[in-house]
Amino acid sequence: MTTHTAAAVDLGASSGRVMLARVGRDRLDITEVHRFGNVPVRLPGGLHWDVLRLYRDVLDGLGQAARACVDGEVLGSIGIDSWAVDYGLLDDTGALLGNPHHYRDGRTSGAAAAVHAKIGERGLYDITGLQYLPFNTIYQLAVDPAAATAAHALLVPDLLTYWLTGSLGTEATNASTTGLLDVRSGDWAAPLFDALGLPPGLFPPLRRPGDVVGPLLPEVLDDTGLAPSAVVTAVGSHDTASAVVGVPAADERFAYISCGTWSLVGVELDAPVLTPAGRAANFTNEGGVDGTVRYLRNVMGLWLLSESIATWNRTGPPADLPALLAAAADVPAGGPVFDPDDPVFLPPGDQPARIADALRRAGERVPSSRAELVRCILDSLAAAYARTVREASGLSGCPVDVVHLVGGGARNELLCRLTADACELPVLAGPVEATALGNVLVQARAHGAVAGDRWALRELLRSTQPTTRYEPSSM
1 MTTHTAAAVD LGASSGRVML ARVGRDRLDI TEVHRFGNVP VRLPGGLHWD VLRLYRDVLD
61 GLGQAARACV DGEVLGSIGI DSWAVDYGLL DDTGALLGNP HHYRDGRTSG AAAAVHAKIG
121 ERGLYDITGL QYLPFNTIYQ LAVDPAAATA AHALLVPDLL TYWLTGSLGT EATNASTTGL
181 LDVRSGDWAA PLFDALGLPP GLFPPLRRPG DVVGPLLPEV LDDTGLAPSA VVTAVGSHDT
241 ASAVVGVPAA DERFAYISCG TWSLVGVELD APVLTPAGRA ANFTNEGGVD GTVRYLRNVM
301 GLWLLSESIA TWNRTGPPAD LPALLAAAAD VPAGGPVFDP DDPVFLPPGD QPARIADALR
361 RAGERVPSSR AELVRCILDS LAAAYARTVR EASGLSGCPV DVVHLVGGGA RNELLCRLTA
421 DACELPVLAG PVEATALGNV LVQARAHGAV AGDRWALREL LRSTQPTTRY EPSSM
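Under the UniProt record's numbering, think of the first position of the sequence shown as 1, with each following residue one higher.
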């Protein structure tokens with residue numbers, strides 16, 4: 001087997017990056033070649049993603065990746081992952097009908113009730129196994145006037161793939177987050193399209209992680225300087241699907257926390273769990289790589305902290321996050337906590353004021369300093385993680401001996417320590433770039449540079465990527 005050179009386009013809800021990787025039987029090196037902001041735009045018609053700017057940054061990043069190749073190496077493949085649920089609509093010529101809406105836009109208020117009136121909430125869960133979130137694709141499409149006449153709907157990674165290759169398709173792990181996929185068959189649920197009056201072919205046929213999509217268009221080659229041999233390869237295009245591949249677990253008895261703007265907390269299963277108890281607990285059955293199921297629930301995540309920092313930077317002295325985290329570590333344990341999943345925290349805005357209001361409503365003490373509020377946020381997240389890990393284990397019957405915390409939150413030592421204490425389990429933190437690593441591992445396997453199932457990929461992770469272990473303080 002030879003070393004495969006690949007690029008991972010990893011788009012998060014607040015920033016994106018293009019990573020260059022070299023992957024072989026005993027090698028897994030990854031380097032960031034381009035990082036860029038992902039800032040939504042508020043227009044009279046609502047909150048939108050600036051998808052054309054994102055695409056320009058993707059092209060610039062791929063150009064950087066081409067120039068970073070050395071000693072005659074050639075970039076062999078490209079994989080794209082991003083957040084879920086949001087989409088672009090195309091007309092019959094392939095032209096974009098408008099910038100995709102942002103899932104935090106308020107347009108879906110009341111949409112779920114209208115959908116559930118046509119398709120009962122229980123029946124919807126039985127078909128899709130998907131947790132209720134007010135911005136799921138099915139609810140967005142229900143209030144999108146252009147959906148009934150559009151020729152195609154493409155989720156964000158599939159839209160960028162289309163612009164790179166001219167090939168239409170829908171990657172399966174991301175499709176599983178739409179609320180329109182049958183969790184048992186793994187295919188589009190035609191009765192749901194019928195019930196909502198959506199064209200049955202609105203989403204293109206499904207692709208699976210590892211499928212080779214095709215070569216780059218001539219104009220893309222001109223823009224990037226990439227070799228004509230480079231191909232786009234489908235990966236787990238929902239970023240959490242790639243992140244779970246990037247969890248360096250040694251066996252099945254683990255839970256994961258993919259910790260970024262959102263925190264996705266759950267376990268990896270071979271089959272969906274469609275019990276009434278799982279539906280009541282709002283657990284989701286999303287598709288994973290190699291036919292696995294990501295049995296998880298969304299927790300609000302570091303959005304609470306980043307929005308608090310943004311508020312302080314707008315309204316007062318700039319916030320120094322490292323100093324705040326250090327001061328928060330000195331705040332005594334046992335302080336106030338709140339429910340981070342309260343819908344009041346979903347939209348952008350003054351999170352410190354919202355947190356204070358939530359604490360007052362609960363009869364809790366309101367923090368008197370920024371450091372105390374940061375500690376309150378992290379204590380609340382750790383408590384929510386622990387609850388969710390225990391529920392995921394109990395509902396699925398999957399024992400958990402260790403919690404893997406991957407993504408940007410793995411850098412937050414205080415959060416990792418508090419999570420270990422709250423879960424009463426060891427926490428293995430890292431890799432930070434689990435999503436990009438999972439992305440390139442699937443590419444490398446598809447192109448023959450590595451072999452085996454997801455456990456073989458994780459063995460390579462364990463031998464090449466550092467992690468930090470946090471034991472519960474009571475142990």
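Yeah, the Cβ is synthetic: ideal placement off N, Cα and C, and Gly gets one too. Note that the structure is predicted; figures quoted are calculated from it, not measured.
CB contact below 9 angstroms: residue i versus chain C
| i | result |
| --- | --- |
| Ala323 | No chain C is present in this structure, which holds just one protein chain. |
Beta bridge counterpart(s) of residue i as assigned by DSSP
| i | result |
| --- | --- |
| Phe36 | Gly16 |
| Cys259 | Ser263 |
| residue 542 | There is simply no residue 542 to check, as the chain begins at 1 and stops at 475 in what is shown. |
| Arg42 | Leu47 |
| Glu171 | Arg207 |
| Ala429 | Leu405, Thr468 |
| Gly186 | In DSSP, Gly186 forms no bridge with anything. |
| Glu268 | Arg294 |
| Val232 | Ile78, Gly214 |
| Phe254 | Val402 |
| Ala21 | Ala6, Ile30 |
| Leu96 | Leu90 |
Element boundaries [beta strand (DSSP E), containing residue i]
| i | result |
| --- | --- |
| Arg297 | 293 to 299 |
| Asn285 | 284 to 287 |
| Arg25 | First-last for Arg25: undefined, no H or E at that position. |
Residue i burial status per 10 Å Cβ neighbour count (16 or more: buried)
| i | result |
| --- | --- |
| Ser473 | exposed |
| Asp270 | exposed |
| Ser380 | buried |
| Arg375 | buried |
| Val39 | exposed |
| residue 502 | Because the chain spans 1 through 475 in this model, residue 502 falls outside it and cannot be assessed. |
| Glu471 | exposed |
| Leu73 | Sequence inspection shows Glu at residue 73; the Leu mentioned does not correspond to that position. Exposed: under 16 other Cβ atoms inside 10 Å. |
| Thr284 | buried |
| Ser185 | exposed |
| Gly106 | exposed |
| Leu20 | buried |
| Val235 | buried |
| Arg294 | buried |
| Arg462 | exposed |
| Gly397 | exposed |
| Asp251 | exposed |
| Asp81 | buried |
| Pro399 | exposed |
| Asn136 | buried |
| Thr388 | buried |
| Arg17 | buried |
| Val31 | Before going on, a small fix: residue 31 reads as Thr here, not Val. Exposed, because fewer than 16 other Cβ atoms sit within 10 Å of the Cβ of Thr31. |
For residue j and residue i, believed in contact at Cβ under 8 angstroms, the rounded distance
| i | j | result |
| --- | --- | --- |
| Leu414 | Leu359 | The pair is not a contact, with the Cβ atoms about 20 angstroms apart (cut-off 8 angstroms). |
| Thr311 | Pro352 | 6 angstroms |
| Val245 | Val289 | 5 angstroms |
| Arg122 | Thr170 | The pair is not a contact, with the Cβ atoms about 26 angstroms apart (cut-off 8 angstroms). |
| Ala323 | Ile309 | At roughly 12 angstroms, the Cβ-Cβ gap does not stay under 8 angstroms, so Ala323 and Ile309 are not in contact. |
| Val9 | Gly61 | 7 angstroms |
| Ala384 | Asp341 | 7 angstroms |
| Leu54 | Arg104 | Not quite, the Cβ-Cβ distance comes to about 16 angstroms (not below 8 angstroms), so this is no contact. |
| Leu274 | Gly129 | 5 angstroms |
| Ala382 | Ala422 | 4 angstroms |
Residue i: first and last residue of the uninterrupted alpha helix (DSSP H) it sits in
| i | result |
| --- | --- |
| Tyr139 | 137 to 142 |
| residue 476 | Nothing in the structure corresponds to residue 476, since the chain is present only between 1 and 475. |
| Leu395 | 370 to 396 |
| Gly63 | 51 to 68 |
| Ser435 | According to the sequence as given, residue 435 is Thr; it is not Ser. Start and end: 434 to 446. |
| Val156 | 156 to 165 |
| residue 548 | The displayed coordinates of the chain run from 1 to 475. Any statement about residue 548 would go beyond what the structure contains. |
| Val245 | 239 to 245 |
| Thr311 | 303 to 315 |
| Thr128 | 121 to 128 |
| Ala352 | Note on residue identity: the sequence assigns Pro, not Ala, to residue 352. Looking at the DSSP string, the run of the alpha helix (DSSP H) that includes Pro352 is 351 to 361. |
| His116 | 111 to 118 |
| Pro276 | 276 to 280 |
| Pro322 | 321 to 329 |
Does the stretch 258 to 274 come close enough to the stretch 387 to 406 to have 3 or more Cβ pairs within less than 8 angstroms? yes
Between the stretch 36 to 54 and the stretch 453 to 464, do at least 3 Cβ pairs fall closer than 8 angstroms? no
Taking one C-beta from the stretch 416 to 429 and one from the stretch 221 to 239 each time, how about it: are there three or more such pairs within less than 8 angstroms? no
Inter-stretch contact at 8 angstroms, needing at least 3 Cβ pairs: the stretch 82 to 91 / the stretch 100 to 107: yes
Between the stretch 292 to 310 and the stretch 343 to 352, can you find at least three pairs of beta-carbon atoms closer than 8 angstroms? yes
Just checking, does the stretch 4 to 15 make contact with the stretch 112 to 119 on the three C-beta pairs under 8 angstroms criterion? no
Contact between the stretch 62 to 78 and the stretch 175 to 194 (3+ Cβ pairs under 8 angstroms): no
Cβ pair count under 8 angstroms reaching 3, the stretch 433 to 445 against the stretch 54 to 73: no
Could you check whether the stretch 261 to 268 touches the stretch 186 to 201, counting it as contact only if at least three pairs of C-beta atoms, one from each stretch, sit closer than 8 angstroms? no
Cβ contact (3+ pairs, closer than 8 angstroms) linking the stretch 108 to 115 and the stretch 134 to 146: yes
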